[in-house]
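Remarks on the structure that follows.
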Amino acid sequence: MTEVYMRKENSEFETGFVSEAGSFIDNRDYFAYIETEDLACYVLADGLDTVTDMNSAEMAVKAVLENFMEKPSMSRRRLMRGLRDAHEWLQFESRRVRLKASLLVIVTDYTRMVYASVGNVRLYHFRGGRLNFRSRDHSLAQSLVDDGRIPEDAAHLHEERGNLLEYLGKPGKLQAYVSKKTMLADGDVLLMVTPGMWEEVELAEMLGALEESKDPVILTDTLEEVLLSRQRRIIPNYTAAAISVKKIYQEKPKNRAKLIKRILIALIVMLLIGGGTWITLARSAEKKAQAVQEIMESGSLGDEYARLGDFQKAISPYSEAKNAATRIKDLVNRKLYLNKQALSQAIVDGDGYVDEGDFENAKISYEKALSLAKTYLSSSVDTIEKRIQDLDGYEAIRKQITEADVKFRAGDYTDALKLYEQAYKKATEGGYDRVIQEISGKQSDTQDKLTAIEHELQGIRAGKLAARGERLLQSEEYSGAIDAYAEAQQIYQEIGKLESVLSMERAITKVEDKQRSKQDEERAALAQQQEASDLGAIQQGPAGQAGSQQAAADQAAAQQAAIEQAARMAAEAAIREQTKQTEQNKQTEQTEQKKQTKEPAENGSEDNSDGNEAEASDSESQE
């Protein structure tokens with residue numbers, strides 16, 4: 001065991017890579033590797049699709065590495081299983097657009113290596129400054145080379161070099177290439193490249209870069225410089241990963257005594273094989289029983305999801321049941337759950353097409369699912385037939401939603417809301433549950449826009465009232481200023497602008513303070529006038545009685561004027577309170593009417609008329 005865990009420590013492998021998007025925004029290539037004490041795994045993938053929200057190359061690489069880490073091994077069967085896991089994952093995620101990728105994986109124990117490839121990601125094995133071998137592509141151009149119809153050195157320029165016969169994510173079963181174990185030697189270089197690199201850099205240039213480079217980082221940088229020196233108008237994604245084998249792990253020579261011991265053990269095993277047969281059979285029966293149980297449980301779970309109409313969730317259990325049947329070579333159940341999985345995927349694809357508005361392809365997918373359901377899942381026939389029947393209704397609703405979306409983007413929120421409401425009514429009446437939630441969300445967004453506009457208009461009106469209050473304050477018309485500020489405060493309260501509400505409260509308090517100060521000044525002046533009048537009467541004596549009488553008369557007149565002014569102010573306050581209450585009642589009625597009609601245009605006109613009435617009442621108060 002000590003020997004196994006010393007392999008990495010007693011060898012020297014160096015890795016360098018370069019990966020760029022070229023002229024494109026996204027890099028669809030992906031490279032990753034992991035080195036353990038006894039094994040190392042290097043994976044490079046090239047995404048062949050254009051899906052923006054998922055990276056098929058990254059998904060495939062991670063699937064292969066996860067499979068490797070689950071049970072690190074150089075087993076060809078284990079390596080193929082990792083590729084199948086990646087293949088099935090891409091198939092599973094291909095709901096709307098098929099996810100596709102080419103992939104190359106190398107596993108080494110620091111003495112030997114084994115690789116597997118699918119697509120056209122290449123491996124170049126260099127030894128002693130020369131090409132030892134190159135991996136084969138799964139392309140039509142490679143087939144022409146194999147048939148002797150074109151020379152091998154012309155394959156990298158042939159027009160069919162990108163026409164792949166095998167790749168991850170393709171429909172059906174995967175046929176990948178897995179090599180035999182190959183001995184490594186000190187000084188070997190393993191170069192992994194995607195088409196973006198090997199299509200532009202010829203073998204002779206690779207050999208030249210290899211001769212000039214002392215480590216893998218310099219090698220990949222040199223290859224990148226050669227590629228960029230072509231100065232192409234469009235540069236595809238490109239990746240080059242180099243593994244430099246400075247020193248392999250030297251295994252100890254075979255021990256003859258150990259070899260004899262192993263032979264003797266093998267003979268003993270052969271003698272006892274009759275007794276061990278029942279153990280093997282028992283284990284085989286146990287595994288088969290477990291697989292049968294998995295088939296039953298996963299299949300039942302998938303059927304239950306299908307019964308509930310959740311075909312998206314049904315896909316995974318059907319896949320697990322199919323895989324379990326494959327392990328025990330149960331061809332009947334494998335075919336059954338393979339078709340149930342295909343049926344569920346077809347329905348999911350159809351639903352995706354409906355969401356995109358592609359009703360022609362939706363119908364094709366649903367009809368494919370219906371054909372399979374009649375044979376393999378009769379309980380879903382009615383569900384699929386209803387989906388097909390609903391297509392016309394969905395199409396009409398989808399057109400209405402699209403029209404409403406156009407008006408929403410143009411800022412015509414009133415008409416957009418009307419169309420959304422009509423579409424919602426049709427969807428509810430027709431039982432089109434899949435679009436009801438979507439429409440409801442769009443209605444909510446549109447109503448939020450209308451409410452925001454209404455609040456903005458109300459805010460403008462409140463701002464005008466606040467400005468009017470400021471003008472009246474400057475003119476010392478305090479009662480009118482208080483009324484204007486109070487009305488603005490009420491509007492701010494309704495639209496939820498608490499900061500402005502507090503600002504109006506402070507303004508009202510300021511005006512009331514000024515009003516009280518003015519009243520105090522008037523009372524003080526009146527008292528001073530009375531005191532002066534009394535003093536004048538005392539100083540004049542009998543001769544000034546006439547003047548005193550006149551002063552008394554003036555004082556009485558002033559008092560009467562003050563009483564009349566107080567009465568007039570009380571009457572004006574009562575009128576203002578009545579006008580304010582009337583205005584509040586009108587605004588309450590307008591608010592109820594807005595909730596019913598949801599017409600911002602009418603709201604705006606009512607607000608203007610309210611403002612005019614308020615100004616008119618203020619003018620009357622001033623008069």
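Residue 453 in UniProt numbering sits at position 453 of the sequence shown, and the numbers go up by one each step.
No residue lacks a Cβ here, since even glycine has one placed at the ideal position from N, Cα and C.
Bear in mind that the values here come from a model prediction, so they are computed numbers and not experimental data.
| query | result |
| --- | --- |
| Between the region 204–219 and the region 159–178, are three or more C-beta pairs nearer than 8 Å? | no |
| PHE17 to GLU403, Cα distance in whole Å? | 50 Å |
| Whole alpha helix (DSSP H) runs in the region 70–117 with 4 or more residues, listed along the chain? | 76–93 |
| Pick from GLY47, ARG568, ILE436, THR36: whose alpha carbon is nearest that of TYR30? | GLY47 |
| Under 7 Å between the Cβ atoms of VAL348 and ARG95? | yes |
| Assess, as a yes-or-no matter, whether the region 464–484 is touched by the region 439–447 under the definition of 3 or more beta carbon pairs within less than 8 Å. | no |
| Helix, strand or coil, according to DSSP, for LEU164 in the structure here? | strand |
| Who are the near neighbours of ALA185 in its chain, counting only those whose CB is closer than 8 Å to its CB and skipping five residues on each side? | ARG127, VAL245, ILE248 |
| Is DSSP giving ILE243 helix, strand or coil here? | strand |
| May I ask you to report which of helix, strand or coil DSSP gives LEU48? | coil |
| Less than 7 Å between CB atoms is the rule here; does THR451 satisfy it with respect to chain B? | Any reference to chain B falls outside this structure, which holds one protein chain only. |
| By the 10 Å Cβ neighbour count, where 16 or more other Cβ atoms means buried, how is THR239 classified, buried or exposed? | buried |
| Between the C-alpha atoms of LEU83 and MET192, what's the straight-line distance to the nearest angstrom? | 17 Å |
| Taking 7 Å as the cut-off, decide whether the C-beta atoms of ALA314 and SER344 are in contact. | yes |
| For TYR424 and LEU457, what's the separation of their Cα atoms in angstroms? | 29 Å |
| So if DSSP puts ALA32 in a beta bridge, which residue, or which two residues, is it bridged to? | VAL43 |
| Kindly confirm or deny that the region 214–227 and the region 193–202 touch, where touching means at least three C-beta pairs closer than 8 Å. | yes |
| Please name the residue in LEU190, LEU338, HIS455, ALA346 whose C-alpha comes closest to that of PHE133. | LEU190 |
| Within the same chain, show all residues whose beta-carbon is closer than 6 Å to that of residue 628, passing over the 5 residues directly before and after it, in chain order. | Only positions 1 to 623 of the chain appear in the structure, and residue 628 is not among them; the question remains open. |
| What residues match up with SER19 in a beta bridge as DSSP calls it? | THR239 |
| By alpha-carbon positions, which one of ALA571, ILE436, GLU592 ends up nearest to GLN494? | Checking the sequence, you will find Glu at residue 494 rather than Gln. The option with the nearest alpha carbon to GLU494 is GLU592. |
| Given 8 Å as the limit, is there contact between the region 100–109 and the region 140–159, that is, 3 or more CB pairs closer than that? | no |
| Which partner residues does SER139 have in the DSSP bridge list? | LEU164 |
| If you measure between the beta carbons of TYR492 and ALA462, is that distance less than 7 Å? | yes |
| Using C-beta distances below 6 Å, list every residue in its chain close to LYS497, excluding the 5 sequence neighbours before and after it, in chain order. | none |
| Which same chain residues end up closer than 8 Å to HIS158 when comparing Cβ atoms and leaving out the 5 residues on each side of it in sequence? | ALA141, LEU144, ILE150 |
| Looking at MET74 and ASP49, is the spacing between their C-beta atoms short of 7 Å? | no |
| Going by DSSP, name the residue or residues bridged to GLU12. | LYS247 |
| Roughly how many angstroms lie between the CA atoms of GLU487 and HIS455, to the nearest whole one? | 15 Å |
| Classify ALA484 as buried or exposed, calling it buried when 16 or more other Cβ atoms lie within 10 Å of its own Cβ. | buried |
| Just to confirm the assignment, what range does the alpha helix (DSSP H) spanning MET197 have? | 195–198 |
| Please confirm whether ALA101 and SER56 have their CB atoms less than 7 Å apart. | yes |
| Does the separation of the CB atoms of GLY299 and PRO236 fall below 7 Å? | no |
| Please report the straight-line C-alpha distance between ASN339 and TYR376, rounded to a whole angstrom. | 7 Å |
| Does the Cβ-Cβ distance between THR111 and GLU251 come in under 7 Å? | yes |
| Which whole runs of the beta strand (DSSP E) in the region 166–233 are 3 residues long or more, in chain order? | 189–193 |
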